[in-house]
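What the sequence shown shows, in the numbering used here, is residues 355 to 723, in sequence order. Note that CB positions come from ideal geometry on N, CA and C, so glycine has one too. For clarity, every value in this text was computed on a predicted model and none was experimentally measured.
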Amino acid sequence: MHLRLLCAAALLALATAHAAAQVLVGQTAGITGSVATGVNETIFGAQLAIDAANAQGGVHGEKIEMVRMDDGFDVKRAGENARVLIEEKKVVALFMSRGTPHSQAIIPWLDKHGVALIGPSTGAMVLHRPLQRHVFNVRATYQREAEKAVAHLLTTGLERIAVVHVADSFGQDGLEGAMTGFDKAKAKPAVVVPADRDKPDYAAIVPKIAAAQAQAVVWIASSTVVAEGVKALRAAGSAAQVVTLSNNASSGFIKQLGDTSRGVIVAQVFPSERSIGHPMVKEALALVRAKGQQELSPAALEGYASAKVLVEALRRAGPKPTRARVLAALEGLREFDLGGGLVVSYSTQDHSGIDFADLSIISDGKFKR
């Protein structure tokens, strides 16, 4: 009997140790709400990399467990979720927040507790300069995307270009990039129209675009807002070329556009998700197909790339990683190749990650380059 008790106690201790052998990583993002389609695609892509790491024993024998909280794309909820994840859930790092003001609301909690945020799904310049001590970007900036979009439109001979931007820090950031594109070409926008983030007044926006006789519109907003905006433009008889940023680089955005999707240009911050010759894309596609699916979206590829950086940081932080060791591992990350020359390097002075931007056009329900 005594031996049985000892064996039972040993098994319980082993089971407890096994259950505790996890590395907790937190995420707050708009799993529901206006950006849900893109967010859930990034989560799918990220989970590919995390599941692959866990299938090989995790990092130093510990499985990575994601603790996700839905903020509904609400700034206050994002900040409160970050507090809960850090102070109550005791996560070792945060991962892939969504939205510029949302990520800004998280930063005070990162700074207070010395927690790293890896791969925020936003290209906001405010997360790059001045340096945010605890934010480690993976993707390129919105300013670079918007500048490239304007430059492309101008080189194709379209001179009357409108800019519609959401009236928040994300929209202002994209606007600055667009204006850089105009300034470099010694050109000016036909009209600049700020719009409410959640309830844009299309009945006011579309006539301003029409009055400016815009040949093209750079529309900086969430997928739902841009999709409805394109529909409103087309319903008003406008054939203006629409360009939007990579926050809308999801298959869900194409579905939201419906019959108006053809010809919409979307900026991209990673190689084409169908470039099977690219090592990172080939790797991700193999994992997707192992799950019985055939295609990868640009948003999923962003999630996959960011999760590769997360896994590498945890690996370099060593067994039983602490917040401080994860932070040190990230700042010591040099020339980490995600595949095909997409290199991530950080230092104590630079947390910018990759500087890659491209454009795609929607045709036959797919992004094409």
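Taking just the CA atoms, how far does residue j sit from residue i?
i    : j    : result
Q595 : G531 : 19 angstroms
A520 : Q410 : Sequence check: residue 520 is Val here, not Ala. In a straight line, the C-alpha of V520 is about 43 angstroms away from that of Q410.
F427 : E434 : 12 angstroms
S605 : V518 : 22 angstroms
L309 : A564 : Nothing in the structure corresponds to residue 309, since the chain is present only between 355 and 723.
A644 : S701 : 36 angstroms
I404 : Q622 : 23 angstroms
R723 : P543 : 25 angstroms
L696 : N602 : 21 angstroms
S699 : A516 : 36 angstroms
Y658 : R677 : 22 angstroms
G380 : A590 : 44 angstroms
R551 : V429 : 12 angstroms
E499 : A653 : 15 angstroms
L529 : G719 : 28 angstroms
R452 : V421 : 15 angstroms
S480 : D709 : Checking the sequence, you will find Val at residue 480 rather than Ser. Taking the straight line joining both Cα atoms gives about 16 angstroms.
T391 : E689 : 32 angstroms
Since residue i contacts residue j with CB under 8 angstroms, what's their CB separation in whole angstroms?
i    : j    : result
P675 : V446 : 6 angstroms
F536 : V620 : Not quite, the Cβ-Cβ distance comes to about 20 angstroms (not below 8 angstroms), so this is no contact.
A470 : L681 : 5 angstroms
For the beta strand (DSSP E) containing residue i, name the first residue and the last one.
i    : result
G380 : Q376 to A383
L448 : A447 to F449
H519 : I515 to V520
Q595 : Q595 to T598
I630 : Taken as a continuous stretch (DSSP letters only), I630 belongs to no beta strand (DSSP E), as it is neither H nor E.
V620 : I619 to Q622
A570 : A570 to I574
Per DSSP, what are the beta-bridge partners of residue i in this structure?
i    : result
M423 : T382
V697 : D691
F721 : I716
V547 : V518
F490 : I472
V413 : E416
R452 : S475
Would residue i be called buried (16 or more neighbouring beta carbons within 10 Å of its own) or exposed?
i    : result
Q647 : exposed
I630 : exposed
T476 : buried
L359 : Its pLDDT being 44, under 50, L359 is placed unreliably by the model, and the measurement read from it follows with that caveat. By the neighbour-count rule (16 or more Cβ atoms within 10 Å), L359 is not buried but exposed.
T454 : buried
G686 : exposed
Q458 : buried
A557 : exposed
G511 : exposed
K636 : exposed
I'd like the span of the alpha helix (DSSP H) that includes residue i, first residue to last.
i    : result
D405 : A390 to A409
V438 : Neither: V438 is in no alpha helix (DSSP H) and is coded neither H nor E.
A711 : It is not in any alpha helix (DSSP H) - A711 carries neither H nor E in the DSSP assignment.
V504 : Y496 to T509
T534 : S523 to K538
K662 : P652 to A671
S605 : S605 to L611
Tell me whether residue i, by its Cβ, gets closer than 6 angstroms to a heavy atom of the ligand GDP.
i    : result
I608 : This structure simply doesn't include the ligand GDP, nor any ligand for that matter.
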